[in-house]
Amino acid sequence: MLSKKKGRLFVISASSGTGKTTLARELLKEDKNLVQSVSCTTRPPRPGEVNGRDYFFITKSEFLRRKKSGGFLEWANVFGKFYGTPKKEVERHVRGGRDVLLLIDVQGAKQVKHTEPKAVFIFLAPPSKEELKRRLEKRGTDSKNEILKRYRVATRELKALNDLKLCDYRIVNRDLRKAHAILRAIIHAERL
Ligand code: 5GP
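In this note's numbering, the protein residues as written are 1066 to 1257.
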């Protein structure tokens, strides 16, 4: 008997303000074999964010406990807060034959590259540093200080990614509709 085909991991790495959340939402709506891994974080929820849908909002001590017991596929400290991908959930989906989308930062993507080299790595880049700053400001969910911090980390990440050759694909998100079409084509092609 043929064994059930396992799902794949699609790692989308993008800094804040590159449009990854919107793109992921669109993809998930139309692709029923794709599920998003919901990360755990110690940062507080933003207005409109729902626990269990956007993130699992947990305390630092709970995060550290889960990290210690090997509960995360990868984890990172971003802007002074912890973020991690719950391992069991991802494994359950993959075993069930579903493809899993991970929306994580560069530090996390590096870890996944090490443990899951067959995963597909996609980097979503902003069109320019100026545009990135504009988008971060426009979002209006973070304080000025927070925006500046995110901008600094994002520009550092952009450089690291160019140096690292970590990604299989690099999409410049100039136009959300075009970026979406490219992303869909990549996922489709990787499944063939
Ligand atoms: P935000 O606080 O804006 O939702 O996310 C901040 C950064 O953390 C983004 O670059 C996002 O991709 C990243 N991030 C979210 N969840 C995870 C995760 O589970 N692991 C890692 N490594 N990064 C994450």
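The beta-carbon is built from N, C-alpha and C at its ideal position, and this holds for glycine as well.
Predicted model, so just to flag it, every value in this text is computed and none were measured.
Item, Value
"Would you say the region 1085–1096 touches the region 1137–1156, given that touching needs at least three Cβ pairs under 8 angstroms?", "no"
"Determine which residues share a DSSP beta bridge with GLY1149 and list them.", "CYS1105, TRP1140"
"According to the Cβ coordinates, are ILE1077 and ILE1252 closer than 8 angstroms?", "no"
"Got a sec? Which residues, its chain only, sit under 8 angstroms from ARG1215 by beta carbon, not counting five neighbours each side?", "SER1080, SER1081, GLY1082, PHE1144, LEU1201, ASP1207"
"If you reduce the DSSP assignment to three classes, tell me which class ILE1187 lands in.", "strand"
"Is VAL1115 near the ligand 5GP, going by C-beta to nearest heavy atom under 7 angstroms?", "no"
"Residue range of the beta strand (DSSP E) that SER1078 falls in?", "1074–1078"
"For ASN1116, which residues does DSSP report across the bridge?", "TYR1120"
"What are the start and end residues of each continuous alpha helix (DSSP H) run of 4 or more residues lying completely inside the region 1199–1244, in chain order?", "1209–1229"
"Can you have a look at ASP1170 and say buried or exposed, based on whether 16 or more other CB atoms are within 10 angstroms of its CB?", "buried"
"So is the beta-carbon of VAL1143 under 7 angstroms away from any non-hydrogen atom of the ligand 5GP?", "yes"
"Rounded to a whole number of angstroms, what is the C-alpha to C-alpha distance between THR1246 and TRP1140?", "According to the sequence displayed, residue 1246 carries Ala and not Thr. When rounded, the distance between both Cα atoms is 29 angstroms."
"So what's LEU1257 in DSSP terms, helix, strand or just coil?", "coil"
"Pop quiz: LYS1175 and LEU1088 are said to be a contact at Cβ under 8 angstroms. What is the actual Cβ separation, rounded to whole angstroms?", "Actually they do not touch by this definition, with Cβ atoms about 22 angstroms apart."
"Give me whichever residues DSSP pairs with VAL1165 in a beta bridge.", "LEU1074, VAL1100"
"My assumption, with CB atoms under 8 angstroms, is that PHE1147 sits in contact with LYS1125. Please give the rounded CB distance.", "7 angstroms"
"Beta carbon of ASP1096: closer than 7 angstroms to some heavy atom of the ligand 5GP?", "no"
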